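According to my numbering, the sequence shown is numbered sequentially starting from 1305. Here a beta-carbon is modelled for each residue, glycine too, at the ideal position from N, C-alpha and C. Note that the coordinates shown come from a computational prediction; the quantities given were computed from them, not determined experimentally. Reading through the structure tokens given below for one structure.
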Amino acid sequence: MPPRTREHNPHYGGRQSPINNRNSPSPILTEDDDGDEDTISQEDEDDEDEDEDEEEDEDEDEDEEDEEDDDDEQETTGGSSMPEASLEGLKEIGNLASWTVSTAKPGNGVEQLRDEDTNLFWQQVLSYNAFILSDGPQPHMINIHFAKRVFVKRIRMFLDFENDESYTPTKISIMSGTGYHDLQEVTTMNFEQPSGWIDVPLEGVHKDGQLRTFLIQVCIHANHQNGKDTHVRGLQIFSLEPPSVDQEEIPFMSGKMISELELR
């Protein structure tokens, strides 16, 4: 019996492929550089997506760790020194006053105290008492006398323990009044190792926090390590800056002014 042969089907183009399952991932054909077709399954794509997600998660974790490190650095840096208070809206009025000190060493007087260069300083002078060389008496005083009453918003002084050591004040009182006969204590401050510009607290002197005074007296009662001499490298007095007024914003409203208006 002759062997059975398959009848030629004109519509059959080659080996018949199995029927694809709808639930099975459909292959994706890509063409490489050689022109060959490579098949990428949906599972491979899922694996690549998972790898990308893992990489994104790792990047996010690294970013969070970097942010935490930055925060720690900012906290450490911020705790070392206090930022200087802004002087916006304030005007220095120390030049309107007459300055005197209890004693001063030649070359270290009021001029050096008022200089903007903090490398300069005021120091009281040594005095002779019964032919014995001794330090100037304490408390050491700085007097700031205004010709008219002023509204003081801020008082600040520059102290530098690192350079001055035993010359650095540790206790300072601020006195205020219309003259020397009625001085009253405004505040007393104690220091350990001050460095830089230090603001005198004036919040409790009045509702608006402004000291109304003719005379300000700074009394230095004690220095570091019981030092007798003292150094103050700067002292400034500030009031609020008066608001600027544009002349064009002031209208001539009175009848007298209106009657005098004319074109020339």
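Under 7 Å Cβ to Cβ from residue i, same chain only, skipping five residues before and after it: list those, please.
{"i": "serine 1470", "result": "Asn1527, His1528, Gln1529 and Gly1531"}
{"i": "glutamine 1497", "result": "Phe1465"}
{"i": "arginine 1460", "result": "Trp1501, Ile1502, Asp1503, Val1504 and Gln1540"}
{"i": "serine 1548", "result": "none"}
According to the neighbour-count rule (16 or more other Cβ atoms, all chains shown, within 10 Å of its Cβ), is residue i buried or exposed?
{"i": "proline 1473", "result": "buried"}
{"i": "serine 1480", "result": "buried"}
{"i": "glutamine 1416", "result": "buried"}
{"i": "asparagine 1412", "result": "buried"}
{"i": "glutamine 1378", "result": "Caution is warranted here: a pLDDT of 38 is assigned to glutamine 1378, below 50, making its placement in the model unreliable, and the coordinate value is therefore given only provisionally. When all chains shown are included, glutamine 1378 counts as exposed."}
{"i": "aspartate 1338", "result": "Caution is warranted here: a pLDDT of 49 is assigned to aspartate 1338, below 50, making its placement in the model unreliable, and no coordinate value can be reported."}
Ordered along the chain, which non-local residues of its own chain (more than five positions away) have a Cβ less than 6 Å from that of residue i?
{"i": "isoleucine 1524", "result": "Pro1443, His1444, Pro1473, Ile1476 and Thr1534"}
{"i": "threonine 1492", "result": "Ser1477"}
{"i": "phenylalanine 1608", "result": "The question about residue 1608 has no answer here: the residues shown for the chain are numbered 1305 through 1568."}
{"i": "phenylalanine 1462", "result": "Thr1422, Trp1501, Arg1537 and Gly1538"}
Candidates the options: which alpha carbon is nearest residue i's?
{"i": "glutamate 1507", "options": "Val1490, Ile1520, Leu1424 and Glu1396", "result": "Val1490"}
{"i": "glutamine 1540", "options": "Asn1412, Ala1408 and Asn1447", "result": "Asn1447"}
{"i": "tryptophan 1426", "options": "Ser1563, Pro1547 and Val1522", "result": "Val1522"}
{"i": "histidine 1485", "options": "Ile1478, Leu1519 and Ile1459", "result": "Leu1519"}
{"i": "asparagine 1399", "options": "Phe1462, Ser1543 and Pro1547", "result": "Ser1543"}
{"i": "histidine 1510", "options": "Gly1500, Leu1463, Val1456 and Arg1418", "result": "Val1456"}
{"i": "valine 1504", "options": "Asp1421, Arg1458 and Thr1422", "result": "Arg1458"}
{"i": "alanine 1401", "options": "Arg1418, Glu1392, Leu1394 and Gly1393", "result": "Arg1418"}
Cα separation between residue i and residue j?
{"i": "serine 1390", "j": "aspartate 1468", "result": "26 Å"}
{"i": "tryptophan 1403", "j": "serine 1563", "result": "50 Å"}
{"i": "threonine 1381", "j": "tryptophan 1501", "result": "Residue placement at threonine 1381 is poorly supported in this model, since its pLDDT is 31, which falls under 50; the coordinates still yield a value, given next. About 18 Å."}
{"i": "threonine 1407", "j": "arginine 1537", "result": "15 Å"}
{"i": "asparagine 1423", "j": "leucine 1515", "result": "29 Å"}
{"i": "glycine 1393", "j": "aspartate 1512", "result": "15 Å"}
{"i": "serine 1499", "j": "glutamate 1420", "result": "16 Å"}
{"i": "glutamate 1545", "j": "lysine 1395", "result": "5 Å"}
{"i": "isoleucine 1397", "j": "valine 1414", "result": "15 Å"}
So, for residue i: in the same chain, excluding its five sequence neighbours on each side, which residues have a beta-carbon less than 8 Å away from its beta-carbon?
{"i": "threonine 1517", "result": "Phe1450, Arg1453, Val1454, Val1456, Ser1480, Gly1481 and Thr1482"}
{"i": "leucine 1487", "result": "Met1479, Ser1480, Gly1481, Leu1519 and Gln1521"}
{"i": "valine 1405", "result": "Gly1413, Val1414, Leu1417, Trp1426, Gln1428, His1444, Met1445, Ile1446 and Asn1447"}
{"i": "serine 1385", "result": "Below a pLDDT of 50, predicted positions are generally treated as unreliable, and serine 1385, at 38, falls in that range; no measurement from the model is reported."}
What are the complete beta strand (DSSP E) segments, minimum 3 residues, inside the region 1438–1493?
-> Counting whole runs of 3 or more residues, the region 1438–1493 contains the beta strand (DSSP E) stretches 1444–1456, 1458–1464 and 1473–1481.
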